[in-house]
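Engineer: Before I ask anything, here is the structure I am working with.
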Amino acid sequence: MTTSARIWREKPHRYRLEGVRCKKCGRTWVPARQVCPCGSRGLSAMVLPEEGRILTWTVVHTGHPEFSDSTPYALVVVEFGKGARLLMQLADFRREDLKIGRKVKVEFRKVQAAGESGVLCYGYKAVACSE
Amino acid sequence: MIGIIGYGAYIPRYRIKVEEIAKVWGANAENYKRGLGLTEKSVPAPDQDVITLSAEAAKNALKRAGIPANALGCLYIGSESHPYAVKPSATVVADAIGAAGHLHVASLEFACKAGSEGMYIAYSQVKAGVIQYGMAIGADTSQGAPGDALEYSASAGAAAYIMGQGPKVLATVDWTHSYATDTPDFWRREYQHYPRHGSRFTGEPAYFHHITSCAEALLKKSGMKPKDFQYAVFHQPNGKFPMAVGAKLGFAREQMVTGWLVPTLGNTYSGASPIGLTAILDVAKPGDRIFMCSFGSGAGSDGFVFTVTKAAPKVRDLAPKTRDYLDKDRIYLDYGTYAKFRKKILKNLED
Amino acid sequence: MRPVAIIGTGITKFGELWEQSLRDLFTEAALKAVEHSKAPRLDALYVGCMAPGLFNGQEHLGALAADYLGMGPIPATRVESACASGGLALLQAVIAVGSGVYDYVLAGGVEKMNDVSGGAATLALGTAADGDYELFFGATFPSLYALMATAHMARHGTTREMLTAVAVKNHFHGSKNPNAQYPFEIKPAAVADSPLVAEPLHLLDCSPITDGAAAVVVAPLDLAKKLVKKPVVVSGFGHATDTLALHHRDDMTELKAVALAARKAYGMAKLAPKDIHVAEVHDCFTIAEIMTCEALGFAKPGEGGRIALKGETRLGGRIPVNTSGGLKAKGHPVGATGVAQIVELVAQLRGEAGARQVKGAKVGLAQNMGGTGASSTVTILEVTK
């Protein structure tokens, strides 16, 4: 799952939220793709804004073993403007942060580690914006 | 005009109080609070380390500097808790902020002084005309051994600085001075999880000797006196040492209190005096002079004299303020959760 | 395409089958189906299995299945579409026979999931989601369906009570199925009292980790009529896909692939949702049954929970759903599930379903999906007049 090459090639998406915008339908996508689901191949590079809103959420009580130090952890689907949507963890969450429509921003966090001696895998997580 | 063109801090949201730690070790919390001059400390979340704290501080610094990340000519991270023993933290951060490629990168280590030495090197490179802009970060997520006095203070945070020249400079670097000797007051050997220290030997011959030696030389070099400064910030391993060394040098409490974050932040090691400086830059007025002196065990100090320019008030609101990180949205941990977060609990490894 | 019928079915006990291996399970179900069908030979087989590499360290399952079945060196293909692998194996068999290439084809499904730890099983199942953009970030299957449940509850007013009604109903049905992993009833309060897995889903909202296999034999209708008294005709089928990642869907409260597959199946069978007498749907989680009932047209959008609460999907109700106990109570050996649904419907349409028989059932529908609904098959079966 978490070999060096595999996490390395995802850097633009996971580190910097780089993706594409479809010139035909206007939708944005992370990760970048070669064909928009609308069928168009006219895609240009774009970077997502830092802030978005929670579309839906859950709190995971039985998760993958590699997340045991942060279980229970929250997962949210975040919509950035009227564009791309991404699933990510909501880090440092409080109960009251788990609301559809809640404004969140993206932070750079450690997402996984390949065991005790393997490579560290970084990427995006959401945190609730101060209200 | 050469100096700081952007700065940013980052402090985790989690805290643990002295009482919570003292309870576990049967210690008297009041004695520790009085002895260390602090009441709580920041704790990194399980998904935070020097790399992630640095990346967030770096993004804040870039927002204030208003330059593209790929304009940076260097990126240095000073820390004693780099997540990898071998593999630079700074390359990850460079890629995370979009600066990777044509720049000079190094991970530095000098106990608690590694952050300020990065600032010195980046500043020197700009001054030498080798690069246009350079970033330096001080960050740590240090651990004290369970039950050790250090466990009450070792905390987490980061500060990032971008050095440059021209009208963007928000605080000029007017003078610098460094001082270093072989003084084994605190160390961590290869493959050891927790640091060791020389107990009271860390005081007079280490912290106080190096800071006063560096600071007195810097005052002499600059021809300035403590009263010429509006602000002063020193390395702050606990609440008492920086106030004591400042008083000894002739600084008053009012000059030091703005950058004195340790009572509720704890000791952020390489981040300590650099984060203190961010809190000062958040409020200082054009023309204000700032005196800074770091300390790293082993041992050495870096001193800086800064003058705040009229650019500072224009950019300080472009990123979160240090006091906001410190005072807002805190989540308090019990010792059990803290121990889980800091990997102090032995678990079975899955196959 | 020439008309195709199902002439025989076979299924193993579902559960924690410590003494049986992957090959044992497949062979048991396949032999039962072949014997039940009275087919003179097999021309080919398709076996649905999601992740034998991760669960059992075994790929190349087609050859293994043919080898141990001992019916000759026949063409054998493993079909994979996550939890829809079984449903898709059936469709491959139907298309192969319908095209005229083969006459007697076995469609099997198998999964042997209890050879790995719970954590490893969670990861293996997780590979049905987007590995780099869901699984990597900590998504599990319960959590992905929980995200749909949160959205469905907010949008449509679906309640805890409605989710509970699905679990209680399927355990009631499962109590009448001796092959079920959990052949017992549960009290409504037990669902919300069970541990939270991924809010709002509790343990009893989730299908279990199961070992099991199922198989059917498919033949052209004209040959089928000579072999069995009541051939069950595949009168319609559909198969569709959606975005692999849940978050890329325009509406996370809809299962578009299910609706599309259903539209094709209804069209081919010239039937409407109201014509279905009994249905087996993919209730990997209680919310999944609610959403599939909407996508299949058994309930209006947003009303899937309400029809469960009103008892319309219970035995004796307007449209009995998951009379086998569903994935919830019967168990969910992922690759076997889609075929096991067909085994149940054939029994219902032949009037052989015993205590859980839907009276007068002539038309049945099976819906099997993979991932969070990124792929779905829908199959309509009718007993010949």
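Chains as they are written, first to last, in my numbering: chain A, 390 to 520; chain B, -7 to 343; chain C, 3 to 387. For each residue, glycine too, the CB sits at the ideal point set by N, CA and C.
1. Does A:Leu435 get closer than 9 Å to chain C when you measure Cβ to Cβ?
2. Taking beta-carbon pairs under 7 Å, can you tell me which members of the stretch 294 to 319 of chain B lie near chain A?
3. Would the C-beta of B:Gly70 count as close to the ligand COA, meaning under 8 Å from any of its heavy atoms?
4. Note down, in chain order, each residue of its chain lying with its Cβ closer than 6 Å to the Cβ of C:Phe300, except the 5 sequence neighbours on either side.
5. Cβ atoms of C:Val107 and C:Phe407: under 9 Å apart, would you say?
6. Could you name each continuous beta strand (DSSP E) segment of 3 residues or more that falls completely within the stretch 139 to 215 of chain C, going from the start of the chain to the end?
7. Assuming C:Met254 contacts C:Leu149 (C-beta within less than 8 Å), just tell me the rounded distance between them.
8. Between A:Thr392 and the rest of its own chain, which residues show a CB-CB distance below 8 Å, the 5 nearest in sequence each way excluded?
9. Can you find the residues in the same chain that come closer than 7 Å, C-beta to C-beta, to B:Val165, ignoring five residues on each side of it along the sequence?
10. Anything in chain A within Cβ reach of B:Gln40, meaning under 8 Å, just list it in chain order.
11. For B:Glu11, which residues of its own chain have a beta-carbon under 6 Å away from its beta-carbon, when the five flanking residues on both sides are left out?
12. From the beta carbon of C:Met115, is the nearest beta carbon of chain A less than 9 Å away?
13. Answer with buried or exposed for B:Thr173, where buried requires no fewer than 16 other C-beta atoms within 10 angstroms of its C-beta.
14. Just tell me which of C:Ala67, C:Val348, C:Lys364 and C:Ala338 has its CA closest to the CA of C:Ser83.
15. Measuring only the C-alpha atoms, how far is C:Phe186 from C:Cys295?
16. Hey, B:Ala128 and B:Ile113 are a contact pair by Cβ (cut 8 Å); roughly how many whole angstroms apart?
17. Under 9 Å, Cβ to Cβ, is there at least one residue of chain B near A:Lys492?
18. Assess, as a yes-or-no matter, whether the stretch 213 to 221 of chain C is touched by the stretch 104 to 123 of chain C under the definition of 3 or more beta carbon pairs within less than 8 Å.
19. Can you list the residues of chain D that C:Glu136 reaches, using a CB-CB cut of under 7 Å?
20. To the nearest angstrom, how far is the alpha carbon of A:Arg398 from that of C:Leu71?
21. Could you give the DSSP three-state label for B:Lys33: helix, strand or coil?
22. With 9 Å as the C-beta to C-beta threshold (strictly closer), list the residues of the stretch 205 to 236 of chain C near chain A in chain order.
23. Could you tell me the boundaries of the beta strand (DSSP E) in which A:Gly443 lies?
24. If contact means a Cβ-Cβ distance below 9 Å, which residues of the stretch 407 to 421 of chain A contact chain C?
25. At which residue ranges does the stretch 471 to 498 of chain A contain complete beta strand (DSSP E) runs of 3 or more residues, listed in the order of the chain?
26. Considering A:Glu407, what are the terminal residues of the beta strand (DSSP E) in which it resides?
27. Got a sec, what are the start and stop residues for the alpha helix (DSSP H) C:Asp237 sits in?
28. For chain A, check one thing: does any of its Cβ atoms lie closer than 9 Å to the Cβ of B:Ile89?
29. So what does DSSP say about A:Arg430, is it helix, strand or coil?
30. Leaving out five residues on either side along the sequence, give the residues of the same chain with a beta carbon under 8 Å from the beta carbon of A:Glu440.
31. Which complete alpha helix (DSSP H) runs does the stretch 73 to 149 of chain C hold, if anything under 4 residues is left out?
32. With a threshold of 16 other CB atoms inside 10 Å of the CB of B:Glu109, please say whether the residue is buried or exposed.
33. Taking DSSP as the reference, what is the three-state secondary structure of B:Ser73?
34. Could you give the residue range of the beta strand (DSSP E) that holds B:Val297?
35. Can you pull the chain A neighbours of C:Pro303, defined as C-beta to C-beta under 8 Å?
36. Label B:Asn259 either buried or exposed according to how many other C-beta atoms from any shown protein chain fall within 10 Å of its C-beta, with 16 as the threshold for buried.
Structural biologist: According to the structure shown:
1. The amino acid occupying residue 435 of chain A in the given sequence is Met; Leu does not appear at that position. No, no contact with chain C.
2. none
3. This structure simply doesn't include the ligand COA, nor any ligand for that matter.
4. Pro275 and Ile321
5. Coverage of chain C is limited to positions 3 through 387, which leaves residue 407 of chain C absent and any answer about it impossible.
6. Correct list: 198 to 200.
7. Their Cβ separation, rounded to whole angstroms, is 7 Å, which keeps C:Met254 and C:Leu149 in contact under 8 Å.
8. So the qualifying residues of the chain are Ala503 and Val508.
9. Contacts found: Ile(-6), Gly(-5), Tyr115, Phe296 and Phe298.
10. The contacting residues are Arg498 and Lys499.
11. The residues are Ala21.
12. So no, C:Met115 is outside the interface.
13. exposed
14. C:Ala338
15. In a straight line, the C-alpha of C:Phe186 is about 24 Å away from that of C:Cys295.
16. Yes, they are in contact, since the Cβ atoms of B:Ala128 and B:Ile113 sit about 7 Å apart, within 8 Å.
17. no
18. yes
19. The chain labelled as chain D is not found among the protein chains of the depicted structure, namely A, B and C.
20. C-alpha separation (whole angstroms): 44 Å.
21. strand
22. Leu205
23. In the sequence as presented, Gly is not what sits at residue 443 of chain A; that position holds Ile. Counting along the chain, the unbroken beta strand (DSSP E) around A:Ile443 starts and ends at Glu440 to Val449.
24. Trp418, Val419 and Pro420
25. 474 to 479
26. Glu407 to Cys411
27. The sequence as given places Ser at residue 237 of chain C; Asp does not occur at that position. First-last for C:Ser237: Val234 to Thr243, but that is the beta strand (DSSP E), not the alpha helix (DSSP H).
28. Yes - at least one Cβ of chain A is within 9 Å of the one on B:Ile89.
29. coil
30. If you ignore the 5 residues before and after A:Glu440, its C-beta comes within less than 8 Å of the C-beta of Phe469, Lys492, Val493, Lys494, Val495 and Cys518, all in its own chain and listed in chain order.
31. Residue ranges of uninterrupted alpha helix (DSSP H) with 4 or more members, entirely inside the stretch 73 to 149 of chain C and ordered along the chain, are 87 to 100 and 120 to 128.
32. buried
33. coil
34. Gly290 to Val300
35. Residues of chain A passing the Cβ test: none, with the nearest at roughly 17 Å.
36. buried
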